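Chains as they are written, first to last, in this note's numbering: chain F, 23 to 406; chain P, 23 to 406. Note that the Cβ used here is the ideal one computed from N, Cα and C, for glycine as well. Owing to the predicted nature of the structure, the values given are computational and were not obtained by experimental measurement. Written below as structure tokens is the structure these notes are about.
Next comes the structure, spelled out in structure tokens:
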């Protein structure tokens, strides 16, 4: 019987205790009843999580790696229940961190991953090579006119993706429907001018889908009808289930960029939550994100180089789940770091630049062209 | 100009550094651009977060309390954006924990809180006094018949609330729509028999709303049409925005019990996320939960007595936000702890009992009656 597996990091003083904790996780996240009352047959044989291995971590005394297998029947077909099984109640246990998930064929079939992925995005932008330039439209509190103007100027100057700030929700200063319609128009006008000028490629406008939780599909359909080419969504606020639902919706059919807001506590403590690569890489792929934003090392947030590399590796792993997706490091980046970032992250990457672009005012297009140049400069050029 | 405030615990080596970090939070969760490019006027004066005070924590060196005020215009009318402002990107900063929120009148008007609350629930159950007995229907993997049978037996024996396990989603063993219809019928039959026998009160059936993220409203409407009296929802998987949307939906109009699955990392580290009372009390009230489930101290999870008391105090605070709601401690409770729990939590509380009830098999009704007796025993009776 095929099962998918989840690897956990467990803090425990002894091998026996680690084994007991692993068995507790296997119960907690499936049947959630004492072991002695688990009904024999289907529930015990199929539904109940099964501890496959428990071994000490080489690096750290008192740390253990446990592998627990689960059957897809405990999940069903909805992403929220997958997370219930992987780390639902176990998220409240101290000293338990989910490190990796290895899907079996049944899980892969039910959660096939990104609709576009890294390759699909390249087809959509028309950029055959090089990193993707992605300005962020902000700040909230600006009028629709101001935001649409930034969209036009950055798209016209050659941006590959024009992304709304995740804080542009549905506030009175720029209500969602009006803002998205006007910003999509602005990007369409810029793209038409680029085409008329004989430029290859076009800018994709990613609208931030933010409203009441039960309106997300309607808002996404509005964005599509208005001309948006992609969606920005915050799974830390709307749930990975919303990401999964939007990505699988045949009427929507747009690429999705996932934003990390509100997800920090899942990774910041080494003893709880998820490993960085699992949360921002593997789970984003499984849920259907095409681009995953995360805070770059050395910016305003405290991710380490190794943690960022783990995320990128999970986004690009050739064996899935689903299509490889694009990492998108952000969080206080500036133009003078772009060359270094390109050498680190390579071309299959969405390079975000937000607030620092505003220093250029009406000349923001110059900043976009500088971003392009920095990403296209080859190492020999840089050192030359 | 009225603003609401959020208190943060900040780890910093000096007062200057603490002030700088507070200013960074105020930027991060509103405009998310460098301070020097914040547009003058409305964005700077209204939208930008404002550091009101920063003071050392008496107890802990290197810890500071910062109070930051925000204007409701930065939020709009949707709950997800409220959390973006309170702790969105700041959730990824190390050493930042949201401790308390003090709503201003504008925020209270936009987020009026629970539709029923503690008093409303007492009207619905018809139980004039005493704690609420709440068996949990489980485990997943059981057939619809088995689950409906448990609903009938526990409701017939006098349960106040019959709650589905949060792991009963939409799996093939008991698909959502069929399960909810049959369980609602079973509870209705039990209630009819109770009424015919002249018993006061009735059991409320709370269906676990779990499916694709965009189906929650449809599933809730199905549950209501089938006869469910309340909804169970996991905000850690579907978002607090889903909780808020369901609680404010005039077509639904059912009380909501919020389950803590997947929320652990927000409270487990003292340096990130939310204080226990803020997450499981204040935010649940603001979002519209009527009952908030949390892991009792001394069970399978590691919450302390003080953390549980903080949650209960936040649920019951007389000054809101919104109606007082019912705390519901769970997580491995057993009959022999109920007397102690009642003395600790009092009568305005939903007492959960799950897996251990299954030991009674077909005699599970006896366990419900023992729960009732344990909750109704007064201290003098217990010691007599």
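At 9 Å on the CB atoms, spell out the chain F contacts of residue i, in chain order.
i, result
"residue 266(P)", "234, 235"
"residue 259(P)", "101, 102, 103, 105, 106, 110, 261, 262, 263"
Report the neighbours of residue i on chain P: residues whose CB is nearer than 9 Å to its CB, in chain order.
i, result
"residue 303(F)", "Those do not exist, as residue 303(F) stays about 16 Å from chain P at its closest Cβ, beyond 9 Å."
"residue 294(F)", "286, 287, 290, 291"
"residue 161(F)", "52, 53, 54, 55, 59, 60, 61, 65, 69, 70"
"residue 269(F)", "Neighbours of residue 269(F) on chain P: none; closest Cβ ~11 Å, over 9 Å."
"residue 188(F)", "54, 106, 110, 111"
Could you check the C-alpha separation between residue i and residue j for me, to the nearest Å?
i, j, result
"residue 206(P)", "residue 131(F)", "33 Å"
"residue 312(P)", "residue 380(F)", "44 Å"
"residue 404(P)", "residue 177(P)", "Because residue 404(P) carries a pLDDT of 46, less than 50, the predicted location of this residue cannot be relied on, and no value is offered for it."
"residue 276(F)", "residue 216(P)", "53 Å"
"residue 65(F)", "residue 355(P)", "22 Å"
"residue 260(P)", "residue 298(P)", "19 Å"
"residue 31(F)", "residue 49(P)", "35 Å"
"residue 189(P)", "residue 314(P)", "17 Å"
"residue 258(F)", "residue 220(P)", "49 Å"
"residue 412(P)", "residue 244(P)", "For chain P, the structure presents residues 23 to 406; residue 412(P) sits outside this window and is missing."
"residue 382(F)", "residue 392(F)", "12 Å"
"residue 263(P)", "residue 161(F)", "23 Å"
"residue 226(F)", "residue 348(F)", "15 Å"
"residue 191(F)", "residue 254(P)", "27 Å"
"residue 228(P)", "residue 201(P)", "12 Å"
"residue 331(F)", "residue 305(F)", "16 Å"
"residue 85(P)", "residue 124(P)", "21 Å"
"residue 363(F)", "residue 365(P)", "59 Å"
"residue 351(F)", "residue 398(P)", "58 Å"
"residue 83(P)", "residue 34(P)", "9 Å"
"residue 242(F)", "residue 322(F)", "30 Å"
"residue 223(F)", "residue 60(F)", "59 Å"
"residue 394(P)", "residue 385(P)", "15 Å"
"residue 251(P)", "residue 278(P)", "9 Å"
"residue 287(F)", "residue 296(P)", "9 Å"
"residue 346(P)", "residue 158(F)", "41 Å"
"residue 327(P)", "residue 146(P)", "30 Å"
"residue 72(F)", "residue 41(F)", "11 Å"
In chain F, which residues lie with their C-beta within 8 Å of the C-beta of residue i?
i, result
"residue 288(P)", "287"
"residue 192(P)", "98, 99, 100, 103"
"residue 333(P)", "In chain order: nothing, as chain F lies at least about 13 Å away."
"residue 195(P)", "64, 69, 95"
How about residue i and residue j: are their beta carbons less than 8 Å apart?
i, j, result
"residue 396(F)", "residue 374(F)", "no"
"residue 90(F)", "residue 27(F)", "yes"
"residue 110(P)", "residue 308(P)", "no"
"residue 116(P)", "residue 29(P)", "no"
"residue 96(P)", "residue 52(P)", "yes"
"residue 232(F)", "residue 102(P)", "yes"
"residue 285(P)", "residue 238(P)", "no"
"residue 114(F)", "residue 282(P)", "yes"
"residue 291(F)", "residue 290(P)", "yes"
"residue 353(F)", "residue 318(F)", "yes"
"residue 195(P)", "residue 165(P)", "yes"
"residue 170(F)", "residue 204(F)", "yes"
"residue 129(F)", "residue 107(F)", "no"
"residue 340(P)", "residue 300(P)", "no"
"residue 18(F)", "residue 126(F)", "With chain F covering only 23 through 406, there is no way to say anything about residue 18(F)."
Run through chain F and tell me which residues come within less than 7 Å of residue i, C-beta to C-beta.
i, result
"residue 323(P)", "114, 115"
"residue 378(P)", "56"
"residue 308(P)", "Result: empty, since nearest Cβ-Cβ is about 14 Å, beyond 7 Å."
Using a Cβ-Cβ cut-off of 8 Å, state whether residue i counts as contacting chain C.
i, result
"residue 283(P)", "The chain labelled as chain C is not found among the protein chains of the depicted structure, namely F and P."
For residue i, go through chain P and note every residue whose CB falls closer than 8 Å to its CB, in chain order.
i, result
"residue 317(F)", "114"
"residue 238(F)", "235, 236"
"residue 164(F)", "61, 65"
"residue 278(F)", "Chain P residues near residue 278(F): none, gap ~13 Å exceeds 8 Å."
Give me the chain P residues within the contact set of residue i, using Cβ-Cβ distance strictly less than 7 Å, ordered along the chain.
i, result
"residue 126(F)", "Residues of chain P passing the Cβ test: none, with the nearest at roughly 16 Å."
"residue 42(F)", "Under the 7 Å cutoff, chain P gives no residues; its nearest Cβ is about 12 Å from residue 42(F)."
Residue ranges of each beta strand (DSSP E) run of no fewer than 3 residues wholly in the stretch 268-326 of chain F, ordered along the chain? Qualifying beta strand (DSSP E) stretches, in chain order: 278-280, 313-317.
Pick out the complete alpha helix (DSSP H) segments inside the stretch 47-120 of chain P, 4 residues or longer, and give them in chain order. Counting only runs that start and end inside the stretch 47-120 of chain P, the alpha helix (DSSP H) elements of at least 4 residues fall at 101-109.
Can you list the alpha helix (DSSP H) stretches of 4 or more residues lying completely in the stretch 159-218 of chain F, in chain order? Counting whole runs of 4 or more residues, the stretch 159-218 of chain F contains the alpha helix (DSSP H) stretches 166-178, 198-218.
Cβ pair count under 8 Å reaching 3, the stretch 172-187 of chain P against the stretch 36-48 of chain F: In short, these stretches do not touch, since the Cβ pair count stays below three.
List in chain order: all unbroken beta strand (DSSP E) runs of 3+ residues lying wholly within the stretch 228-261 of chain P. Runs found: 252-255.
At 4 residues or longer, what runs of the alpha helix (DSSP H) sit wholly inside the stretch 331-402 of chain F? Secondary structure within the stretch 331-402 of chain F: the alpha helix (DSSP H) runs of 4 or more consecutive residues, fully enclosed, are 360-367, 386-398 (chain order).
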